[in-house]
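Read through the structure below, which is laid out as structure tokens, and then see the notes.
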Amino acid sequence: MNERQTLPLMKRVNQTLSKLYQKLNRWTRGGIEIMVMCMQSFNDNRVTQAAASLGYYTIFSIFPLMIALIVVGSWFVDPAQVRLVVEGWILEFIPFAVDFVMENLNIVFERSRVIGLVAIGSLLWSATTVFYILVYHINLPWSREAARQPLKNRMVALAIIGILLLALVSSTMVNTVVGIINQILPFLNLLQSPLWNWLLLLLPISLRFMVYFGLYKWVPNVSVRRLPAVISALLAMTALEATSQVFRYMVQTGLVQYQFIYGTLGSIMTLMLYVYFNFMVMLFCAHLSHAINVYMDRQSRGRRNMPLERHHYLLKSARNNEKDE
């Protein structure tokens, strides 16, 4: 086959693939186009490298964050209750590294009593590093100018830590209040009631959704539509739960074993790998939110620039389809 015959063949193949892409895109109502934009942005901004750096900085931020949360939280509520809540968070989010984290957490509790205000400030600043980098990369799909705002990004990182502290104190206070009511009015038996069980089930899910929704809706330094943030938050919440279950299974079955290679550092390497996968999911959903927002903006601009007769025709067709259904 000579060059003249090859060119028309390639042209026909490209046309066929283009038509197939357009049909699939119409059938998915723009889903294919959104995923293409998302993956292009995902690759252009080197998200895999960003997730690796976030995993690295998490190791250096997690213990200063714990110390700061424990010390500041102990100012408002009983330190023993604070410890129970923190231990509950560890068991829920990183159950495979409980021994490593709890061993260091015991040291944290012993030393947290002698920490002053200046030390707390430096600990908070150190703890914001991982959140600062996360805020930067959540802004990156929108524009590099929006991402490059060091002071604002640092303030957002501090606000995230403030939200974590508020959640810690609130959880402790709720447990304390419910315990007091249960002692004063034992016939209510609140801790065994169906309402309490439903709250224990729904409250963590609602809080996780609000955290992810806030990351994709309010962290970017631009205006973000509500629907992309909701979709990305739901996907992030579901994917992170699936990732946690799969990773837990891999650790329990021995598929992830770093102790043979790294010895005592194996727990740290396992934790870094887990954090890496989690940040990959979170940053992918950030790029997905951006892609959905861009697609919706294009659609709205197309409708505004559309001739009036064509716009009325589409509205009439949509109403007729709804009646037929």
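Its first residue numbered 840, the sequence shown is counted upward by one per residue in our numbering. Positions of the beta carbon are idealized from the N, C-alpha and C atoms, including for glycine. Computed from a prediction, not measured in an experiment: that's the story for all the values here.
Distance between residue j and residue i (C-alpha atoms, nearest Å)
| i | j | result |
| --- | --- | --- |
| Gln-854 | Lys-862 | 12 Å |
| Phe-932 | Met-1089 | 15 Å |
| Leu-1073 | Pro-847 | 46 Å |
| Phe-1118 | Tyr-975 | 13 Å |
| Ser-982 | Arg-1137 | 17 Å |
| Gly-869 | Val-940 | 44 Å |
| Asn-864 | Asp-883 | 22 Å |
| Asp-938 | Leu-856 | 53 Å |
| Ala-1075 | Val-1120 | 6 Å |
| Leu-791 | Leu-1040 | The chain is shown from 840 up to 1164; residue 791 falls before or after that span and cannot be answered. |
| Val-925 | Ile-1002 | 14 Å |
| Trp-1037 | Val-886 | 37 Å |
| Ile-873 | Gly-1053 | 21 Å |
| Ser-1083 | Lys-858 | 39 Å |
| Leu-930 | Gly-1105 | 18 Å |
| Thr-867 | Val-875 | 13 Å |
| Leu-923 | Gln-888 | 35 Å |
| Ser-961 | Glu-942 | 23 Å |
| Val-852 | Leu-1066 | 36 Å |
| Lys-850 | Thr-1077 | 42 Å |
| Arg-993 | Ala-1081 | 30 Å |
| Gln-988 | Met-905 | 27 Å |
CB of residue i within 7 Å of CB of residue j, strictly
| i | j | result |
| --- | --- | --- |
| Arg-1047 | Met-1135 | no |
| Tyr-1051 | Ala-890 | no |
| Val-1058 | Ile-1000 | no |
| Pro-918 | Ala-966 | no |
| His-1126 | Ser-880 | yes |
| Ala-1068 | Cys-877 | no |
| Gln-920 | Thr-1011 | yes |
| Val-1008 | Phe-1086 | no |
| Ile-1139 | Ser-1071 | Residue identity check: residue 1139 is Ser in the sequence provided, not Ile. Contact flag unset, no. |
| Ala-907 | Ile-959 | yes |
Where residue i sits in the DSSP three-state scheme
| i | result |
| --- | --- |
| Asn-882 | helix |
| Lys-1162 | Summary for Lys-1162: the model assigns pLDDT 47, below 50, so the residue's position carries little reliability; its value from the coordinates is reported in the next sentence. If DSSP states are grouped into helix, strand and coil, Lys-1162 belongs with the helices. |
| Glu-1148 | Confidence in Glu-1148 is poor, its pLDDT being 43 and thus under 50, which makes the residue's placement unreliable; the coordinate value appears in the next sentence. Three-state DSSP puts Glu-1148 in a helix. |
| Ser-982 | coil |
| Gln-1138 | helix |
| Ala-1060 | Correcting the residue type first, residue 1060 is Asn in the shown sequence and not Ala. Three-state DSSP puts Asn-1060 in coil, outside helix and strand. |
| Met-840 | At Met-840 the pLDDT is 49, less than 50, meaning the model places this residue with poor confidence; the figure from the coordinates comes in the next sentence. Looking at Met-840 - three-state DSSP - the assignment turns out to be coil, as it is neither helix nor strand. |
| Leu-938 | Just to set this straight, residue 938 is Asp in the shown sequence, not Leu. It is helical. |
| Gln-1091 | helix |
| Val-1008 | helix |
| Arg-922 | helix |
| Arg-1047 | helix |
| Thr-867 | coil |
| Gln-861 | helix |
| Ile-972 | helix |
| Gln-911 | Correcting the residue identity first, residue 911 is Val in this sequence and not Gln. Correct three-state label for Val-911: helix. |
| Gln-1084 | helix |
| Val-1114 | helix |
| Ile-1107 | helix |
| Ile-1000 | helix |
| Asn-1132 | helix |
| Val-916 | coil |
| Ile-933 | coil |
CA nearest to the CA of residue i, picked from the options
| i | options | result |
| --- | --- | --- |
| Val-910 | Leu-1004, Pro-1043, Leu-997 | Leu-1004 |
| Pro-980 | Tyr-1055, Leu-893, Val-995 | Tyr-1055 |
| Leu-963 | Gly-870, Leu-997, Glu-942 | Leu-997 |
| Leu-1079 | Asn-884, Leu-973, Leu-1041, Phe-1123 | Phe-1123 |
| Ala-1006 | Arg-993, Gln-988, Met-1049 | Met-1049 |
| Leu-990 | Ile-929, Thr-968, Leu-1034 | Thr-968 |
| Val-1133 | Thr-897, Val-1061, Ala-1081 | Val-1061 |
| Tyr-896 | Leu-1038, Gln-988, Trp-1037, Ile-972 | Ile-972 |
| Tyr-860 | Ser-1106, Ile-871, Gly-894, Trp-928 | Ile-871 |
| Pro-1043 | Gln-988, Met-905, Leu-944, Trp-928 | Trp-928 |
| Leu-893 | Lys-850, Phe-970, Met-994, Thr-867 | Phe-970 |
Residue i Cβ short of 6 Å to the ligand FMN heavy atom set
| i | result |
| --- | --- |
| Gly-1093 | By its list of ligands, the structure shown contains no ligand whatsoever, and the ligand FMN lies outside what it can speak to. |
Check your understanding: Is the number of C-beta pairs between the segment 892-906 and the segment 1105-1122 that are closer than 8 Å three or more?
Key -> yes
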